[in-house]
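Structure, as structure tokens:
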Amino acid sequence: MSRPRRWDYERRQSIVAWFGLLVMAASFLWLHIVPLGEPGSVGRLPAVRPREQLALVVIDPGHGGEDSGAMASGLLEKDLAFDVAQRLDRLIRSQGLATLLTRAGDEYISLAGRAAAANRARDCIFVSIHFDEARAAATGVETYYAAPQTPDKPIVATWFPFLQPASAARSNVQSQ
3 MSRPRRWDYE
13 RRQSIVAWFG
23 LLVMAASFLW
33 LHIVPLGEPG
43 SVGRLPAVRP
53 REQLALVVID
63 PGHGGEDSGA
73 MASGLLEKDL
83 AFDVAQRLDR
93 LIRSQGLATL
103 LTRAGDEYIS
113 LAGRAAAANR
123 ARDCIFVSIH
133 FDEARAAATG
143 VETYYAAPQT
153 PDKPIVATWF
163 PFLQPASAAR
173 SNVQSQ
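Each residue of the sequence shown is one higher than the one before, counting from 3 in this note's numbering.
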């Protein structure tokens, strides 16, 4: 019996990581689509979305153009981030929410340009996708949110407990 090749192991790790990201995105959407605490709300979408809920998800695939981001095993962060952003875009739109990608291809958009796209929209959430380069032991999800713009009970606090077990790793949430 032959030992599994290294590439097979890396591919399985990649598949597990993609699955974890999709679980995270689906959990996040589920918590925003299905109101918590309403009898009979499980398994069906609300007829009308209350006005105070988000109207748009701005998806920012990190880096682009000449800015490749982190590089590992011949993969560029900008390519991985764009692929995940496109998948997330399809997933969110399939749930009936509007989306906006900050870049449509391999192009450089300044940080100010990315932020301006979200600031022009009202009632939106800004999701920036990155695959940070770090030591091999670094795992999990890191979440940042703008504290002055959050209500008394931050939205991130309502979905973070569900994200933590899905990532299977210690994660960090903080205001930046």
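We treat Cβ as the ideally placed atom computed from N, Cα and C, and that holds for glycine. Everything numeric in this text was worked out from a predicted model, so none of it was measured.
Excluding sequence positions up to five before and after His-65, its CB lies within less than 7 angstroms of the CB of Gly-71, Glu-79, Lys-80 and Ala-83, all in the same chain and listed in chain order. Take Ala-100, set aside five residues on each side of it, and the residues of its chain with a beta-carbon closer than 8 angstroms to its own are Ala-57, Leu-58 and Val-59, in chain order. In this structure Ala-19 does not touch Ile-61 by the C-beta definition: roughly 18 angstroms separates them, more than the 8 angstroms allowed. Counting along the chain, the unbroken alpha helix (DSSP H) around Phe-84 starts and ends at 79 to 96.
Cβ contact annotation for Ala-119 (same chain, cutoff 7 angstroms, sequence separation greater than five): Val-60, Leu-102 and Thr-104, in chain order.
For Leu-113, the enclosing alpha helix (DSSP H) has its first and last residue at 113 to 122. Its Cα nearest to that of Ser-112, the residue Asp-69 stands out among Leu-23, Asp-69, Ala-123 and Ile-131. Going by DSSP, Ala-57 is part of no beta strand (DSSP E) at all; its letter is neither H nor E. Out of Glu-135, Leu-23 and Asp-85, the CA that lies nearest to the CA of Asp-108 is found in Asp-85. Membership of Phe-128 in the beta strand (DSSP E) is indicated by the continuous run 126 to 131. In summary, Met-26 is buried, with 16 or more beta-carbon neighbours lying within 10 Å of its beta-carbon over all protein chains present. For Asp-69, DSSP records a beta bridge to Gly-66.
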